[in-house]
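**Q**
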Amino acid sequence: MKDPLNASKQQVLGLVNSLYALQGEELISDRVLASLQEFVPFDAGALYQIDRTTYEIAQGKCSGKDAGLIRAYLQKHASTDPCSLSTRCPTRLNQPSKLSSVLARHPDAALTVQRARTRFGFEHALTVVAGWRGGAIALLRLHRRASRSDFTDHELELIGGIAPHIAMSMVFNEANDSHSAAPQTGLLALTGDNQLVYANDSVQELLSEAAPEAIRYLAESKSVWRSQGDRVFRLRILPLGDRSLLSWIDREARALPHCIGQGKAAPVIVIAVEPIQRRQALATRLVHSRLSRREVEVALCVMRGLSNADIAAELSIDEKTVKDHLRRIYGKIDVRSRTAMISKVLGLEAELTAISASATSPRSPQQRTRSPSPELEQC
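Here the working numbering is used: the first residue of the sequence shown is 1346, the next is one more, and so on.
Below, the structure is given as structure tokens:
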């Protein structure tokens, strides 16, 4: 007789191997949900993709005899469900959490959750955010009715093992490999009075160069940041809607002592600090601007700082041909100069903006020792 634990491990290996052979996220989602039903049975399951620009839960697939149940539940309760919120921290990728364990840690949420569970007819739930290289790629959610047993530690271990492969297979099946070389996005959250309440590892080093309020100013003015190490970052303010993976930040921050009493007039602002890829993704961006292969080569030479004469020598063409290529390039991407072309190809709407001397001046001792709230660091 086969050991059920070893049998499930073999099924997991078979599923993992099959994922990398599939083409397209929809096929991957179908395979994941169908295979999981064999060794982690569920009444309703869902695998939602995550928008890597906004961190919001996007379209997804539902499965199981009660597929409509999970779809309706998540639509109505995604923003308050403790099992989902407990796994939505960027530091908790590929770490499954089950509803019963969350409620044991947060008994104050039990009554609200019990009402929802009774209404929708389920008792047990398991959630995991599948991630790769610090990025959240997909949200997996499984439900069981009260007539079934709760998810076991072994089942959580199996889901935790397969989660990173769900993420990697989705990334590797994309049309380009720009995500494979992309460094992790920095995330920081500030209260209305610029108190730092969250910062992930990718932004900690940069916080030694500029005060949070300076970063906020650049984000709100849609500028970019050239760091002391001459790296360039795009700054974006992220929405915190009900379907955002980062919505827990606003909820937790409002509960901090210095935020109580400020009410809705002082929402938390979350800023993404994105390293601008100067080379890896440039060719892809240029192709998307309808440039020919030769025009892409010329544009990349310009991005490297080469003169027309240098470009002509490198590509074995004359300078007049280089100028002709540049005129066509400028026309296709709607610019008039080399500088404007570089700025637009890098994805910048303005020239690179250096932080002023006042913004980069050393912070006060209080600022240097300020750290995210312990509650938020443990998210």
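Even for Gly, the Cβ is constructed at its ideal location relative to N, Cα and C. Fair warning: this is a prediction, and the values are worked out from it, not measured in the lab.
Could you tell me if SER1553 is buried or exposed, where buried requires 16 or more neighbouring beta carbons within 10 angstroms of its beta carbon?
**A** The residue is exposed, with fewer than 16 neighbouring Cβ atoms inside 10 Å.
**Q** Just curious, the beta strand (DSSP E) that GLN1725 is in, first and last residue?
**A** No information on residue 1725 is available, as it lies outside the stretch 1346 to 1724 that the chain covers here.
**Q** In terms of residue numbering, what span does the alpha helix (DSSP H) encompassing GLY1502 cover?
**A** Note that residue 1502 is Glu in the sequence shown here, rather than Gly. Start and end: 1498-1517.
**Q** Measure the alpha-carbon distance for PRO1620 versus ALA1491 and round it to whole angstroms.
**A** Going from the Cα of PRO1620 to the Cα of ALA1491 covers about 47 Å.
**Q** Where does ARG1489 sit, in a helix, a strand or coil, going by DSSP?
**A** ARG1489 falls in the strand class under three-state DSSP.
**Q** Of the residues TYR1393, SER1568, TYR1562, which one's Cα is nearest the Cα of ALA1538?
**A** The residue you asked about is not Ala; residue 1538 is Asp in the sequence shown. For ASP1538, the nearest C-alpha among the options comes from TYR1562.
**Q** Quick check on the DSSP output: the alpha helix (DSSP H) that includes LEU1590 runs from which residue to which?
**A** LEU1590 -> no alpha helix (DSSP H), and no H or E assigned at all.
**Q** Use the C-beta contact count for THR1398: other C-beta atoms within 10 angstroms, 16 or more gives buried, fewer gives exposed.
**A** Exposed, because fewer than 16 other Cβ atoms sit within 10 Å of the Cβ of THR1398.
**Q** Closer than 8 Å is the cut-off here; do at least three beta carbon pairs connect the segment 1479-1486 with the segment 1388-1396?
**A** In short, these stretches touch, since the Cβ pair count reaches three.
**Q** Suppose you measure from the CA of GLU1640 to the CA of PHE1517; what does that come to, to the nearest Å?
**A** Distance between the alpha carbons of GLU1640 and PHE1517: 28 Å.
**Q** Quick one: Cα of SER1479 to Cα of ARG1437, how far?
**A** Rather than Ser, the amino acid found at residue 1479 in this sequence is Gly. Between GLY1479 and ARG1437, the C-alpha separation is close to 9 Å.
**Q** Go ahead and pull the three-state DSSP assignment for LEU1582.
**A** According to the sequence displayed, residue 1582 carries Ile and not Leu. Three-state result, ILE1582: strand.
**Q** Can you tell me which of TYR1418, ASP1595, CYS1646 puts its alpha carbon nearest to the alpha carbon of LEU1533?
**A** For LEU1533, the nearest C-alpha among the options comes from ASP1595.
**Q** Grouping DSSP H, G and I as helix and E and B as strand, with all else coil, what is PRO1557?
**A** Residue state, collapsed to three classes: helix.
**Q** Within 10 Å of its beta-carbon, does GLU1500 have 16 or more other beta-carbons around it, so buried, or fewer, so exposed?
**A** Answer is buried; the Cβ neighbour count reaches 16.
**Q** If you drop the 5 nearest sequence neighbours on each side, which residues of the same chain put their C-beta closer than 7 Å to that of ILE1507?
**A** Correct list, in chain order: VAL1357, LEU1360, VAL1361.
**Q** Only counting the same chain, and skipping five residues up and downstream in sequence, which positions put a Cβ closer than 8 Å to that of GLU1383?
**A** GLN1356.
**Q** Got a sec? Which residues, its chain only, sit under 8 Å from VAL1643 by beta carbon, not counting five neighbours each side?
**A** Around VAL1643: ILE1656, LEU1660, VAL1667, HIS1670, LEU1671, ILE1674.
**Q** Taking only three categories from DSSP, how would you classify LYS1567?
**A** Coil, per DSSP.
**Q** With distances taken between CB atoms, is the gap from HIS1488 to ILE1415 smaller than 8 Å?
**A** Taking 8 Å as the Cβ cut-off, HIS1488 and ILE1415 qualify as a contacting pair.
**Q** List the DSSP bridge partners of GLU1640.
**A** Beta-bridge pairing links GLU1640 to no other residue.
**Q** For TYR1393, does the three-state DSSP call read helix, strand or coil?
**A** Reduced to three states, the DSSP call for TYR1393 is strand.
**Q** Can you name the start and end residues of the beta strand (DSSP E) that ALA1470 belongs to?
**A** Its beta strand (DSSP E) spans residues 1469-1477.
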